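Following: one structure in structure tokens, then a few remarks.
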Amino acid sequence: MSNEIFMTRRKFLKAAAALGIGGAAAMWGVGSVSADPPDWLEFFKKIKDPAAPTDLEKQHLMEIRLPTIAEDGANVPMIVSLAHPMEADHYIKNIQILNFKDPVVSKGVFHFTPANGLAHISTQLRMDGGDAEIFVIAECSQHGKWVASKKLKISLGGC
Amino acid sequence: MSEFDVQVRLPEQIKKGDIIETKIKIRHDSTTGLKLVEDAKTPFERFVRDVPAVYVKTVEVFYGTERINVFELNSSTSDSPLLAFKLKASQEAVLRVVVTNHLNKIGEATTNVKFAA
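From first to last, the protein sequence lines stand for chains G and F. The end of the first sequence is residue 159 by our numbering, with every number in the run present. The end of the second sequence is residue 1117 by our numbering, with every number in the run present.
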């Protein structure tokens, strides 16, 4: 097998993990504690320049509201919202919230339909203490999965 | 855990076509059941299982006959969470919320989406 083919196969497997198996594993993975986010996040789309997003990027721009410092890790309020169309053939299918530093990585998967009118979720998280980076993955029915993140500090762990 | 209570709340004034905020209050305990290991040497050893986890597993929202939302939760959601999301008020219909916990016990709440006169 040539090196080129090997690389292609490896990339394919990484992408498959990112889009399915990896996401599912992260969803319920207890004990998958790691300080760094996994490589498979690179397969999701990102806003390249937040100061000057393209028209497509503007649709998938996530507003993530989190406290900069949360005193109680047992109850960290979080709001995620996207000003994205919610039409029958073009809408946000789901929003996943992840923190790879926590013992329970997934903070929930929130599925939407066009009947919602707006992809918006407000919830409260249980998080470990210290510095953290919350990753949000939003899946568009036409344009795939988009990732954004926000950092915060937790004074007292709540896990 | 003895109590399991679900409440759903809508704005008082709703006009047809409005995108309204819908709030679900779930009175339910939540714990990861993990214990912090103070002298852990690696990040992988920081927590060990102490007791079984207790949590809300799914929240399903039905508007009329259509299931419009499924929220998959776990023990990393806080105790008694208040969830809020948007709903496009396209019809007068029953809004039903079905909550299932880790023991597959079910709690429900309903309200009516009714347009202001």
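Glycine included, every Cβ here is placed at the ideal spot set by N, Cα and C. Everything numeric in this text was worked out from a predicted model, so none of it was measured.
- With respect to chain G, the C-beta atom of Ala1084 (chain F) has a partner C-beta closer than 8 Å.
- Between the region 47-59 of chain G and the region 67-74 of chain G there are fewer than three inter-stretch CB-CB distances shorter than 8 Å, so the stretches are not counted as touching.
- Residues of chain F with a Cβ closer than 8 Å to the Cβ of Asp102 (chain G) are, in chain order, Ser1076.
- Setting aside the 5 residues that flank it on each side, Lys1025 (chain F) is surrounded in the same chain by Gln1007, Leu1082, each with a C-beta closer than 6 Å to its C-beta; the list follows chain order.
- For Pro1081 (chain F), the nearest beta carbon of chain G is closer than 8 Å to its own beta carbon.
- Listed by position along chain G, the residues whose Cβ is nearer than 8 Å to that of Glu1038 (chain F) form an empty set, because the closest Cβ is around 12 Å away.
- Within the DSSP bridge table, the entry for Trp146 (chain G) names G:Lys45, G:Ala138 as partners.
- For the pair Lys93 (chain G) and Thr1111 (chain F), the Cα-to-Cα distance works out to about 25 Å.
- Contact annotation: Val1054 (chain F) and Thr1077 (chain F) have beta-carbon atoms that are not nearer than 8 Å.
- Beta-carbon to beta-carbon, Ile47 (chain G) and Pro53 (chain G) are separated by about 5 Å, close enough to satisfy the 8 Å threshold.
- If you check the CB distance, Ala119 (chain G) and Ser81 (chain G) come in under 8 Å.
- Annotation for Glu1108 (chain F): the continuous beta strand (DSSP E) segment containing it runs 1106-1113.
- In this structure the region 1097-1116 of chain F does not lie against the region 126-140 of chain G, because fewer than three pairs of beta carbons, one per stretch, are closer than 8 Å.
- Bridge partners of Thr1077 (chain F) according to DSSP: G:Leu125.
- Leaving aside the five residues that flank Thr123 (chain G) on each side, the residues in its chain whose CB is nearer than 7 Å to its CB run, in chain order, Met78, Gly108.
- With fewer than 16 other CB atoms across the displayed protein chains lying within 10 angstroms of its CB, Gln142 (chain G) is exposed.
- Counting C-beta atoms within 10 angstroms of its own C-beta, Asp1039 (chain F) has fewer than 16 neighbours from the protein chains shown and is therefore classed as exposed.
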